[in-house]
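**Student:** Start counting the sequence shown at 1; every next residue gets the next number (full-length UniProt numbering).
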Amino acid sequence: MGSSGDARGLRDRKKLRTRETIRNEAIRLIERNGYASTTVEQIAEAADISPSTFFRYFPSKEAVLMGDELDRVTISALEQQPADLTTLQAFRRAVEATMVTLSESDWSFERKRLRLVFSVPELKSAQLDEYQRTIVGLADAECRRTGRPTGHLKTLIYFGALAGGLVAVLDTEPAAWVDRMLYALDFMEAGMQLP
């Protein structure tokens with residue numbers, strides 16, 4: 001007989017598969033029908049779940065398309081970086097660590113997700129809220145990593161400026177996103193000097 005750890009592992013894998021199915025079906029339907037014409041009920045039906053199950057995974061249709069999973073992984077990876085690294089070095093390593101965890105299907109999803117987020121007006125404002133949560137999450141993780149008090153204003157400002165630089169390169173063709181983001185980090189690390 002399996003242990004309770006095996007049962008938890010199976011439940012967690014099933015939850016992850018359901019979450020991925022919901023997200024993939026949402027993308028497929030929104031690409032086909034448009035954001036405004038796609039309903040939670042349609043997404044749930046395509047994912048072979050009930051609408052109430054949908055809401056156990058996501059609070060709204062727009063939440064399906066926000067980048068919260070990658071943000072959580074990056075925030076966790078930042079917090080685990082050695083304290084002797086500069087903030088930018090630690091952030092870059094966290095981003096690189098996050099990137100290597102993504103499968104080709106994850107990258108495909110991210111490219112589609114970003115294309116929709118930047119092309120659907122209703123999603124742009126939700127993405128701004130998501131950026132703010134991510135900035136605070138990264139700043140708090142950096143404070144924990146370095147021993148600064150959480151809520152340290154200069155750390156929050158730093159990550160706000162860093163996020164602004166990265167957002168500037170994200171509103172491009174998603175296939176170029178990684179290269180442009182790494183270029184932006186290189187530019188920032190070199191002191192952001194303009195010729």
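The beta carbon of each residue, even a glycine, is placed where N, CA and C say it ideally should be.
Where does D129 fall in DSSP's three states?
**Tutor:** helix
**Student:** Would DSSP call Y57 helix, strand or coil?
**Tutor:** helix
**Student:** Note down, in chain order, each residue of its chain lying with its Cβ closer than 6 Å to the Cβ of V40, except the 5 sequence neighbours on either side.
**Tutor:** P51, F54, K61
**Student:** Determine the extent of the alpha helix (DSSP H) in which Q80 is found, giving its start and end residues.
**Tutor:** Secondary structure note for Q80: it is in no alpha helix (DSSP H), with a DSSP letter that is neither H nor E.
**Student:** How big is the Cα-Cα spacing for R11 and A63?
**Tutor:** 22 Å
**Student:** Under a Cβ-count criterion, where at least 16 other Cβ atoms within 10 Å of its own Cβ denotes burial, should L78 be classed as buried or exposed?
**Tutor:** L78 should be labelled buried.
**Student:** Pick helix, strand or coil for M192, following the three-state DSSP scheme.
**Tutor:** coil
**Student:** Excluding sequence positions up to five away, which residues of its chain have a Cβ less than 7 Å from the Cβ of G2?
**Tutor:** Only weak support is given to the placement of G2: the predicted model assigns it a pLDDT of 49, under 50, and the value that follows is read from those uncertain coordinates. Once the five neighbours on either side are set aside, G2 has no close Cβ partner at all.
**Student:** Per the contact definition of three or more C-beta pairs closer than 8 Å, is the stretch 137-150 in contact with the stretch 65-81?
**Tutor:** yes
**Student:** W177 to R93, Cα distance in whole Å?
**Tutor:** 17 Å
**Student:** Determine, for R180, whether the minimum Cβ-Cβ distance to residues of chain C falls below 9 Å.
**Tutor:** Among the protein chains of the structure shown there is no chain C, as only one such chain exists.
**Student:** In its own chain, which residues sit with a C-beta less than 8 Å from the C-beta of I43, not counting the 5 before and 5 after it?
**Tutor:** I22, E25, A26, L29, F54, K61, V64
**Student:** Which term fits M192, buried or exposed, when burial requires 16 or more other beta carbons within 10 angstroms of its beta carbon?
**Tutor:** exposed
**Student:** Helix, strand or coil for D12 per DSSP?
**Tutor:** Helix at D12.
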